[in-house]
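>
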């Protein structure tokens, strides 16, 4: 093969394999505190993937791994994501004390045991905490934010997560933390940075009301925040885990909350970075059923694929990747409210992102009614996993976005980690009509559907991580092969 052709092929592969994630932030409850169930998450994920004027918005960032209304059950967004071929940036809430974080760890461990490799293939990464350092900073306290934690506590929690996933289906998952750009600038954050694989940045020019923050200044303010975060990231990848502009609400400094300005922010700040850096936008919907002030949702109170403003990015090519552990984004959590069992974050963002801001966080207390999502369990030993099925049969859908799978149907061919790692990653590069430009052929939604019982993975399938190769590792291996061919020719 000609050398130039080899270089072109390698460049094309690495370009495709490193395309950034596009997604939204999702709370565990509705704005009135009602817990979201599997069908609710399915509706939200399929709506996001089919928004008019967009392609590839198939990522979801979560604030907590605990199902709202329970002590430590895994959140029902996990089976919903697996069923709808949505990638997950899992979140563990870290500002409610050690007992609450232990519940997050218990939910994570239960999710690994229940979903095994299905969860691995859906996973973009795990965020330990969200805006915790900001809320514990002088500016966060001055803004009357809910309690946060110091860097040393986050370091402890990050190490606990590393220990919890060691030797499991999620061993090797990319770990990060989400905070405001002002928190990352503080030198005390370096201890946290040193423990992480990626850095999540939250930035809202709308809230920087002590600066000139009219909508025309948003791009410059956002770019400055991103560069400051990158400077503090010690060379580690930075993901934009929360940003956006409100469609309604109070004036903040020079910034006006309006649909028109939200569209300007999307097109001037969002479009230029979509596809170049992983982004989890705030947000798809935050007004169901009650409208917060400010409101950032790009759709109204009812789920619809028709947004409040034009989401197209002109001639720009905006795509997202869907195989696990590549670029992702995260979103900062909302404020917490305490209840006797555990504190569960809601879907409202921590508003302050500027040191001088005085806007308070908003919070909603979850209910405590315990509910569980629909799963079909495989038989066998303790390594069996639950294969998610659609819960659309239990709730009458008003849309036809979710695949129509009967309750008797189940997914066969549970993916195992003993399959060829090179084939696993190379097969990911296929075309798709589902909204994402790249699909992982081994993900559950692309596997055969059958009314027969799914095969149970062996214990080696669940426990061993040695046979898997990350896309980064695959790219390095391919580079070595191409280099060898070049110099031997």
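In mature numbering (1 follows the signal peptide of the UniProt record, and there is no 0), the protein residues as written are -19 to -1, 1 to 470. From the three backbone atoms N, C-alpha and C, an ideal C-beta is built for every residue, glycine too. None of these values were measured; they are calculated from a predicted model.
Of all the options 192, 214, 147, which has the alpha carbon lying nearest to the alpha carbon of residue 158?
Among 192, 214, 147, the Cα nearest to that of residue 158 belongs to 214.
> Starting from residue 114, trace the alpha helix (DSSP H) in both directions and tell me its first and last residue.
Unbroken alpha helix (DSSP H) run through residue 114: 113 to 116.
> Tell me the rounded alpha-carbon separation between residue 183 and residue 38.
Distance between the alpha carbons of residue 183 and residue 38 is about 19 angstroms.
> What three-state label does DSSP hand residue 270 in the structure shown?
DSSP places residue 270 in coil when its eight states are reduced to three.
> Could you spell out where the beta strand (DSSP E) holding residue 158 opens and where it closes?
It spans 156 to 161 - the beta strand (DSSP E) in which residue 158 sits, taken as one unbroken run.
> Apart from the five residues just before and just after residue 73, which ones in its own chain have a Cβ nearer than 6 angstroms to its Cβ?
Here the set comprises 46, 85, 109.
> Assuming contact is defined by CB atoms lying nearer than 8 angstroms, are residue 246 and residue 278 in contact in what I supplied?
Not closer than 8 angstroms, so no.
> Using DSSP with H/G/I as helix, E/B as strand and the rest coil, what is residue 182?
Residue state, collapsed to three classes: strand.
> Kindly give me the distance between the Cβ atoms of residue 255 and residue 89, rounded to whole angstroms, as I take these residues to be in contact under 8 angstroms.
Contact flag wrong, Cβ pair sits at about 30 angstroms.
> Which same chain residues, not among the five before or five after residue 294, have their C-beta less than 6 angstroms away from its C-beta?
Correct list, in chain order: 252.
> One question on the structure: do residue 192 and residue 202 come within less than 8 angstroms of each other, judged by their Cβ atoms?
Cβ distance < 8 angstroms, so residue 192 and residue 202 count as in contact.
> For residue 109, which residues does DSSP report across the bridge?
In DSSP, residue 109 forms a bridge with 73.
> Is residue 271 buried or exposed, if buried means 16 or more other CB atoms sit within 10 Å of its CB?
So residue 271 ends up on the exposed side.
> Can the beta-carbon of residue 178 be found closer than 8 angstroms to that of residue 217?
Their beta carbons are under 8 angstroms apart, which means residue 178 touches residue 217 by this criterion.
> Rounded to a whole number of angstroms, what is the C-alpha to C-alpha distance between residue 172 and residue 155?
Computed Cα separation, rounded: 17 angstroms.
> What does the alpha-carbon distance come out to for the pair residue 167 and residue 174?
Their Cα atoms are separated by approximately 11 angstroms.
> For my contact list, residue 34 and residue 291 are in at a C-beta cut-off of 8 angstroms; report their separation, rounded to the angstrom.
The Cβ separation is near 6 angstroms, so the contact holds.
> Should residue 42 be labelled buried (16 or more other beta-carbon atoms within 10 Å of its own) or exposed?
Burial call: buried.
> Taking only three categories from DSSP, how would you classify residue 26?
Here residue 26 sits in helix by DSSP.
> Write down the C-beta distance between residue 176 and residue 146 rounded to the nearest angstrom, noting that I regard them as a contact closer than 8 angstroms.
Not really, about 14 angstroms apart at Cβ, beyond 8 angstroms.
> Span of the beta strand (DSSP E) holding residue 222?
Residues 219 to 223.
> Which stretch, first to last residue, makes up the beta strand (DSSP E) that contains residue 42?
From DSSP, the beta strand (DSSP E) with residue 42 extends over 40 to 43.
> Over the uninterrupted beta strand (DSSP E) stretch that includes residue 4, give me the two end residues.
It spans 3 to 7 - the beta strand (DSSP E) in which residue 4 sits, taken as one unbroken run.
> Quick one: what's got a C-beta closer than 7 angstroms to residue 244's C-beta in the same chain, skipping five residues either side?
The residues are 290, 291.
> Using only the alpha-carbon positions, how far apart do residue 194 and residue 274 sit?
About 18 angstroms.
> Taking its Cβ as the centre, do 16 or more other Cβ atoms sit within 10 Å of residue 164, making it buried, or is it exposed?
Buried: at least 16 other Cβ atoms inside 10 Å.
> Label residue 123 either buried or exposed according to how many other C-beta atoms from any shown protein chain fall within 10 Å of its C-beta, with 16 as the threshold for buried.
Per the 10 Å Cβ criterion, exposed.
> Which of helix, strand or coil does DSSP assign to residue 280?
Reduced to three states, the DSSP call for residue 280 is coil.
> How far does the beta strand (DSSP E) with residue 101 in it extend, from its first residue to its last?
Segment 79 to 103 is the alpha helix (DSSP H) holding residue 101; no beta strand (DSSP E) there.
> Suppose you measure from the CA of residue 269 to the CA of residue 105; what does that come to, to the nearest Å?
Computed Cα separation, rounded: 27 angstroms.
> What does a CB cutoff of less than 6 angstroms around residue 190 pick up in its chain, not counting 5 residues either side in sequence?
If we look at residue 190 and ignore the five residues flanking it on each side, its Cβ neighbours are 233, 234.
> Kindly list the residues whose CB is nearer than 8 angstroms to the CB of residue 75, restricted to its own chain and excluding five residues on each side of it in sequence; keep chain order.
Only 82, 85, 109, 110, 111, 113, 130, 134, 135, 138 meet the Cβ criterion.
> Please determine, among 59, 142, 227, 204, the residue with the shortest C-alpha to C-alpha distance to residue 240.
Measuring from the Cα of residue 240, the nearest candidate turns out to be 227.
> Check the C-beta distance from residue 162 over to residue 210 and give it rounded, since I have them as a contact under 8 angstroms.
With a Cβ gap of about 5 angstroms, residue 162 and residue 210 count as contacting.
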